[in-house]
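This report refers to the structure that appears directly beneath it.
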Amino acid sequence: MKITVKLFASFRAGRIPIETREYPAGTTVGDIVTEQKIPVAELGIILVNSRHVAIDRELADGDTLAIFPLLGGG
Amino acid sequence: MELLNDYLRDHAEGDLLPWRCQVEAADRFHLSLAQVEEAILEMGLLPARYQRNRQCISTGQQLQLFRSRVAVIGCGGLGGYVIEELARLGVGELIAIDPDVFVEHNLNRQLFASPSSLGCVKVEVANKRVEQINPAVTLIPLRQALTRTNGRDMLNNAHVAVDALDSVAARLDLAEVCEELAIPLVHGAIGGWYGQVATQFPGERVLQKIFANRENGQGAEKQLGNPSFTPAVVASLEVAEVCKILLGVGSLLRNRKLTLDLLNMEIEEIPFLQSGGEET
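Quick mapping for you: the protein sequence lines, in order, are chains A and B. Taken in order, the first sequence gives residues 1 to 74; the numbers are from this note's numbering. Taken in order, the second sequence gives residues 1 to 280; the numbers are from this note's numbering.
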């Protein structure tokens with residue numbers, strides 16, 4: 001299935017900001033986070049097709065996944 | 001009061017009241033600069049210091065701002081700019097909350113940090129700064145960390161609370177206190193080149209959604225630090241939201257979060273729907 005992965009802010013450093021490619025059926029958000037070597041503790045908001053999802057969400061063909069880092073500074 | 005009003009009317013230039021006359025009126029009638037400012041605005045006159053506000057803010061709205069009380073929680077990177085801008089805007093009462101003193105690594109970005117303020121209490125320095133730039137504004141310095149238990153008293157009667165904190169856990173506490181007291185909350189957070197802003201009214205719980213299950217998360221700022229420009233940008237956006245809430249004008253960042261990437265100059269808007277559309 002085809003998934004578009006969009007990374008934002010600091011997650012772009014050393015990674016491809018937007019990429020659409022094939023993933024095996026049953027791929028979850030967590031699988032992509034692991035593949036992208038994003039530490040779970042740094043995760044902020046996760047959107048699939050502009051809707052907020054949890055890390056265990058299973059993706060479907062044609063989904064767009066957007067991953068933002070956590071920001072806590074002031 | 002009649003004598004004061006006569007004095008103010010006599011010394012107005014058009015509808016503007018020069019600062020030196022405001023000071024002289026306070027002295028002559030044994031009033032505070034704040035009391036004189038309120039009298040000026042109630043007469044439909046404008047303290048001349050606000051004349052460049054006027055294309056955006058009417059004299060009636062300036063009085064509304066003067067009668068407003070805004071709590072700023074955190075007096076560091078965001079809080080310094082927020083307090084400076086609210087004081088120049090003419091918000092009458094500011095509650096500044098922060099337990100810390102200035103240290104050397106604050107100097108790269110925190111507006112009230114200077115070599116001479118190192119070791120000084122942040123809320124006290126903020127108070128002195130406001131006295132310098134707009135002595136008609138009253139700042140209440142609270143040298144304490146806000147918690148769910150003390151927050152009720154600290155935010156008492158605030159019309160708006162501004163999040164200028166530096167941790168996820170503290171923000172969630174602030175959000176709960178605002179929810180309890182039914183105070184609108186303007187959220188801002190920064191890290192490196194990146195920032196975010198959102199506004200929430202009681203019941204909307206956007207902040208709680210942004211940080212759901214992230215109490216122990218690691219913010220990008222831990223690795224990226226905070227340069228000088230990011231807090232200035234995010235703080236200014238927060239103050240624009242505060243101004244609109246106090247005056248009831250414009251469109252607020254409600255049920256949406258603005259995410260800023262200053263490295264690539266990109267702004268994303270993330271929706272937070274109130275019903276459906278969310279799985280976390």
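Think of the CB as a built atom: it goes at the ideal place given N, C-alpha and C, for glycine as much as any other residue.
Through-space distance from residue j to residue i, alpha-carbon basis
i             : j             : result
residue 276/B : residue 39/A  : Unreliable placement is indicated for residue 276/B, whose pLDDT of 49 sits below 50; no coordinate value is reported for it.
residue 58/A  : residue 35/A  : 15 Å
residue 34/B  : residue 135/B : 8 Å
residue 156/B : residue 231/B : 26 Å
residue 86/B  : residue 10/A  : 31 Å
residue 245/B : residue 108/B : 31 Å
residue 71/B  : residue 130/B : 14 Å
residue 176/B : residue 4/B   : 44 Å
residue 254/B : residue 120/B : 36 Å
residue 181/B : residue 123/B : 23 Å
residue 2/B   : residue 46/B  : 18 Å
residue 142/B : residue 110/B : 18 Å
residue 162/B : residue 38/B  : 24 Å
residue 125/B : residue 202/B : 32 Å
residue 64/A  : residue 213/B : 23 Å
residue 72/A  : residue 211/B : 9 Å
residue 36/B  : residue 42/B  : 10 Å
residue 51/A  : residue 271/B : 8 Å
residue 259/B : residue 96/B  : 26 Å
residue 69/B  : residue 94/B  : 6 Å
residue 42/A  : residue 167/B : 13 Å
residue 32/B  : residue 23/B  : 9 Å
residue 183/B : residue 159/B : 6 Å
residue 3/A   : residue 13/A  : 20 Å
residue 10/B  : residue 48/B  : 15 Å
residue 115/B : residue 265/B : 32 Å
Opening and closing residue of the alpha helix (DSSP H) in which residue i lies
i             : result
residue 31/A  : 29-35
residue 231/B : 229-247
residue 161/B : Residue 161/B -> not in any alpha helix (DSSP H); beta strand (DSSP E) instead, spanning 160-163.
residue 285/B : Since the first residue shown for chain B is 1 and the last is 280, residue 285/B is missing from the structure and cannot be characterised.
residue 178/B : 168-181
residue 224/B : 221-224
residue 43/B  : Segment: none, residue 43/B is in no alpha helix (DSSP H) and carries neither H nor E.
residue 151/B : 151-154
Bridge partner(s) assigned by DSSP for residue i
i             : result
residue 24/A  : According to DSSP, residue 24/A bridges with nothing at all.
residue 257/B : 198/B, 270/B
residue 112/B : Paired residues: none, contrary to the question.
residue 190/B : 73/A, 195/B
residue 13/B  : 16/B
residue 84/B  : Answer is none; residue 84/B lacks a bridge partner.
residue 70/B  : 94/B, 160/B
residue 101/B : 121/B
residue 135/B : Paired residues: none, contrary to the question.
residue 66/A  : 6/A, 47/A
residue 215/B : Looking at the DSSP assignment, residue 215/B forms no beta bridge with any residue, so it has no partner.
residue 19/A  : 5/A
residue 89/B  : Per DSSP, none; premise fails for residue 89/B.
Start and end residues, beta strand (DSSP E) containing residue i
i             : result
residue 5/A   : 2-7
residue 142/B : 138-142
residue 46/A  : 43-48
Presumed contact (8 Å Cβ cut-off) between residue i and residue j, rounded CB distance
i             : j             : result
residue 192/B : residue 217/B : With a Cβ gap of about 15 Å, residue 192/B and residue 217/B do not count as contacting.
residue 139/B : residue 127/B : 5 Å
residue 164/B : residue 74/A  : 5 Å
residue 206/B : residue 257/B : 7 Å
residue 274/B : residue 204/B : 7 Å
residue 237/B : residue 197/B : 5 Å
- Query: Does the region 26-33 of chain B touch the region 58-70 of chain B, meaning 3 or more C-beta pairs lie closer than 8 Å?
  - Reply: Contact between the region 58-70 of chain B and the region 26-33 of chain B is absent: fewer than three C-beta pairs spanning the two stretches fall below 8 Å.
- Is it true that the region 6-25 of chain B meets the region 250-257 of chain B, where meeting means three or more beta-carbon pairs spaced less than 8 Å apart? no
- Evaluate contact between the region 103-118 of chain B and the region 62-78 of chain B, counting only Cβ atoms and requiring at least three cross-stretch pairs below 8 Å. yes
- Query: Within the chosen definition, does the region 20-30 of chain A reach the region 233-240 of chain B through at least 3 CB pairs nearer than 8 Å?
  - Reply: no
- Item | Inter-stretch contact (C-beta, 8 Å, three-pair minimum) for the region 81-96 of chain B and the region 165-179 of chain B | no
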